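Report on the structure given below.
Residue numbers (this note's numbering): 14 to 88.
This is the structure:
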């Protein structure tokens with residue numbers, strides 16, 4: 014979805030089409046400095062999966078308060 018909207022891994026718009034910006038607010042919020050962050054709440058029963066998301070290439074774009082997790086898994 015980042016690529017479809019012309020965003021790089023830092024959340025900066027580098028696209029070439031106004032069409033990419035047209036529905037940006039469906040999936041992203043504009044943060045300070047022309048940076049876009051995902052409109053998402055991530056939920057899981059254990060923190061390990063959230064750590065994997067944070068360590069991924071787009072992990073720094075998610076707001077820390079949008080991670081909701083328990084302290085023990087289901088298994």
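For each residue, glycine too, the CB sits at the ideal point set by N, CA and C. Because the structure is a prediction, the values reported are computed rather than measured.
Contacts around residue 42, its chain only, beta-carbon distance under 6 Å, and the 5 residues preceding and following it disregarded
Here residue 42 corresponds to residue number 29 of the chain shown, with the count starting at 1. Hits under 6 Å: 50, 52.
Do the CB positions of residue 39 and residue 55 come within less than 8 Å of each other?
Position 26 of the chain shown, counted from the start, is the residue given in the question as residue 39. Position 42 of the chain shown, counted from the start, is the residue given in the question as residue 55. It is not a contact, given that the beta carbons lie outside the stated cut-off.
Rounded to whole angstroms, what's the CA-CA distance from residue 85 to residue 58? Just pull it up for me.
To locate residue 85, count along the chain shown from 1; it is residue 72. To locate residue 58, count along the chain shown from 1; it is residue 45. Spanning the two alpha carbons is a distance of roughly 6 Å.
Evaluate residue 61 with the Cβ neighbour count: other Cβ atoms within 10 Å of its Cβ, from every protein chain shown; 16 or more gives buried, anything less gives exposed.
Translated into the one-based positions of the chain shown, residue 61 becomes position 48. It is exposed - the Cβ of residue 61 has fewer than 16 other Cβ atoms within 10 Å.
First and last residue of the alpha helix (DSSP H) that includes residue 55?
Taking the first residue of the chain shown as 1, we reach residue 55 at position 42. Looking at the DSSP string, residue 55 is not in any alpha helix (DSSP H); the run it does join, the beta strand (DSSP E), is 55 to 57.
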